[in-house]
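Visitor:
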Amino acid sequence: MALPPLPFPPVSLPAAALALAALAALLLVLICAIAHVTAKTMPHEDAECRKGSAPNIHDPATRELSVVVPSYNEENRLPLMMDEALDYLEKRQKQNPSFTYEVIVVNDGSKDQTAKVAKEYCKKYGSDKVRVISLEKNRGKGGAVRTGVFSSRGKKLLMADADGATKFADIEKVEEGLKNLQPWPKGMAISCGSRAHLEKDSIAKRSYFRTLLMYGFHFLVWFLCVKEIRDTQCGFKLLTREAALQTFSNLHIERWAFDVELLYIAQRLKIPIAEVAVNWTEIEGPPLEETGASWAPQFEIHSAKDQCAETISPCSQGLTSEHSLRLSVAIQSHLCTKYGEMSQSNFSPFMKKT
């Protein structure tokens, strides 16, 4: 039986180039398939801190809420955040027994006692409510969040920073923002906490150099990627499960600018996004090199846009697997430039098993 025609015009490329591109695409599919089959399940630790297989985001949700807490060298700040979060979540569960939750602490290759601190909460509340995932090597905030997201069980997923800078009870504000976006197209929506309303006070406390870098960063984000969200970097974001799956499956950046790429992908997928003001307090932590910490994300912004535009199966939306096998890297790149479509599924180590 012949395949139906592909839903895009033919591309004028030499036959040899098409053959090589098709071969490259086939090799890519085979490599990704092998990686998926041989990939190990991400370990987590239970109440006795024994390793076990973690859940998968492709499984049906069994909790109302998953809270993902990326943590790197946070032995001092993590306890305050966890105490506040778990106190709120426990009270909410007592008021509404149908409300179920889990907190996933992702220890991102910390060199201090972050893992030990997190395990104490695992022991206190049980592995059904608190899980610890430890990465051997530091992957960056984006990589840690992505790991937690793909091991989550919640209908909704909340990203929350380990420093506790955002008042945890403000989850109700981002929940309201998510609710106001209904009906959610294909079950997808994102509600972002925002500190934009605090910008004037923050500027008064910053050095001129840091203020200049801040405006430069915001301009690049607005000019290159995300135009609708004023504060892309607030670590307090609530996503529906389907929105988390689709955006994080397409994510490339694993460090500080991953938020920008996340929202850029969401915009390309036409996922509705709300921005909600939250309470935020400056929390002292390990010092960062100002120049490195400020300029690295700006290079990552360019990387985010380039990679989203070239490597995320941009034109395979709605195609069968047979069609996908016929697509070449060259054709995809060309079509992305021409049509700008974003796929909702790409070849990834986290692809659902069939």
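Numbered per mature numbering (1 follows the signal peptide of the UniProt record, and there is no 0), the sequence shown spans residues -39 to -1, 1 to 315. The beta carbon of each residue, even a glycine, is placed where N, CA and C say it ideally should be.
Taking the alpha-carbon positions, what's the Gly138 to Ser152 distance?
Guide: One-based indexing of the sequence shown puts residue 138 at position 177. One-based indexing of the sequence shown puts residue 152 at position 191. The straight-line gap from Cα to Cα measures roughly 6 Å.
Visitor: Within the same chain, show all residues whose beta-carbon is closer than 6 Å to that of Arg156, passing over the 5 residues directly before and after it, in chain order.
Guide: The residue labelled residue 156 in the question sits at position 195 within the sequence shown. Result list for Arg156: Asp192, Cys195 and Trp241, in chain order.
Visitor: How about Lys116 and Glu25: do their beta carbons lie closer than 8 Å?
Guide: For the purposes of this step, residue 116 is taken as residue 155 along the sequence shown, with counting starting at 1. For the purposes of this step, residue 25 is taken as residue 64 along the sequence shown, with counting starting at 1. In contact: Lys116 and Glu25 (Cβ atoms closer than 8 Å).
Visitor: Give the range of the beta strand (DSSP E) segment to which Gly154 is assigned.
Guide: Start at 1 with the first residue of the sequence shown, and residue 154 comes out as number 193. Where Gly154 is concerned, the enclosing beta strand (DSSP E) stretches over Ile151 to Ser155.
Visitor: State the DSSP-derived secondary structure class of Tyr33, mapped to helix, strand or coil.
Guide: By 1-based counting over the sequence shown, the position of residue 33 is 72. Three-state result, Tyr33: coil.
Visitor: Ignore the nearest five residues each way along the sequence and tell me which others in Arg114's own chain have a CB closer than 8 Å to its CB.
Guide: Taking the first residue of the sequence shown as 1, we reach residue 114 at position 153. Hits under 8 Å: Pro16, Asp20, Ala22, Thr23, Arg24, Ser27 and Glu63.
Visitor: Leaving out five residues on either side along the sequence, give the residues of the same chain with a beta carbon under 7 Å from the beta carbon of Leu223.
Guide: For the purposes of this step, residue 223 is taken as residue 262 along the sequence shown, with counting starting at 1. The answer, listed in chain order, is Thr208 and Leu212.
Visitor: Any idea what DSSP makes of Arg216, helix, strand or coil?
Guide: Taking the sequence shown and counting its residues from 1, one reaches residue 216 at position 255. In this structure, Arg216 counts as coil in the three-state DSSP scheme.
Visitor: Roughly how many angstroms separate the alpha carbons of Ala270 and Ile234, rounded to a whole number?
Guide: The count along the sequence shown starts at 1 and reaches residue 270 at position 309. The count along the sequence shown starts at 1 and reaches residue 234 at position 273. The predicted position of Ala270 is uncertain, since its pLDDT is 48 and thus under 50; no value can be drawn from it.
Visitor: Quick one, are the C-beta atoms of Ser88 and Val66 less than 8 Å apart?
Guide: Here residue 88 refers to the residue found at position 127 when the sequence shown is read from its first residue. Here residue 66 refers to the residue found at position 105 when the sequence shown is read from its first residue. Going by C-beta atoms, Ser88 is not nearer than 8 Å to Val66.
Visitor: With DSSP run on the structure shown, which of helix, strand or coil describes Ile244?
Guide: Working through the sequence shown from its first residue, we reach residue 244 at position 283. Reduced to three states, the DSSP call for Ile244 is coil.
Visitor: What does the alpha-carbon distance come out to for the pair Ala126 and Lys231?
Guide: Residue 126 sits at position 165 when you count from the first residue of the sequence shown. Residue 231 sits at position 270 when you count from the first residue of the sequence shown. Between Ala126 and Lys231, the C-alpha separation is close to 30 Å.
Visitor: Would you call the segment 213 to 220 in contact with the segment 103 to 112, where contact means no fewer than 3 C-beta pairs closer than 8 Å?
Guide: They touch, by the three-pair rule.
Visitor: Any idea if Gly154 is buried or exposed, counting beta-carbon neighbours within 10 angstroms, 16 or more meaning buried?
Guide: Taking the sequence shown and counting its residues from 1, the one referred to as residue 154 is at position 193. Label assigned to Gly154: buried.
Visitor: Can you round the beta-carbon distance between Lys70 and Asn37 to whole angstroms, since I take them to be within the 8 Å contact cut?
Guide: Residue numbering aside, residue 70 sits at position 109 when the sequence shown is read from its first letter. Residue numbering aside, residue 37 sits at position 76 when the sequence shown is read from its first letter. Here residue 70 turns out to be Gly, not Lys, going by the sequence shown. Not confirmed; about 17 Å, so no contact.
Visitor: Over the uninterrupted beta strand (DSSP E) stretch that includes Ala238, give me the two end residues.
Guide: Position 277 of the sequence shown holds residue 238. Residues Ile234 to Ala238.
Visitor: How should Gly279 be labelled, buried or exposed, when 16 other C-beta atoms within 10 angstroms of its C-beta is the threshold for buried?
Guide: In the sequence shown, counting from the first residue as 1, residue 279 sits at position 318. Residue placement at Gly279 is flagged as unreliable, the pLDDT there being 34, under the threshold of 50; a coordinate-derived value is accordingly withheld.
Visitor: Determine whether the beta carbon atoms of Gly148 and Glu203 lie at a separation below 8 Å.
Guide: One-based indexing of the sequence shown puts residue 148 at position 187. One-based indexing of the sequence shown puts residue 203 at position 242. Their beta carbons are under 8 Å apart, which means Gly148 touches Glu203 by this criterion.
Visitor: Do you know how far the Cα of Ala238 is from the Cα of Tyr225?
Guide: Taking the first residue of the sequence shown as position 1, residue 225 is located at position 264. Taking the first residue of the sequence shown as position 1, residue 238 is located at position 277. For Tyr225 and Ala238, the distance between alpha carbons rounds to 20 Å.
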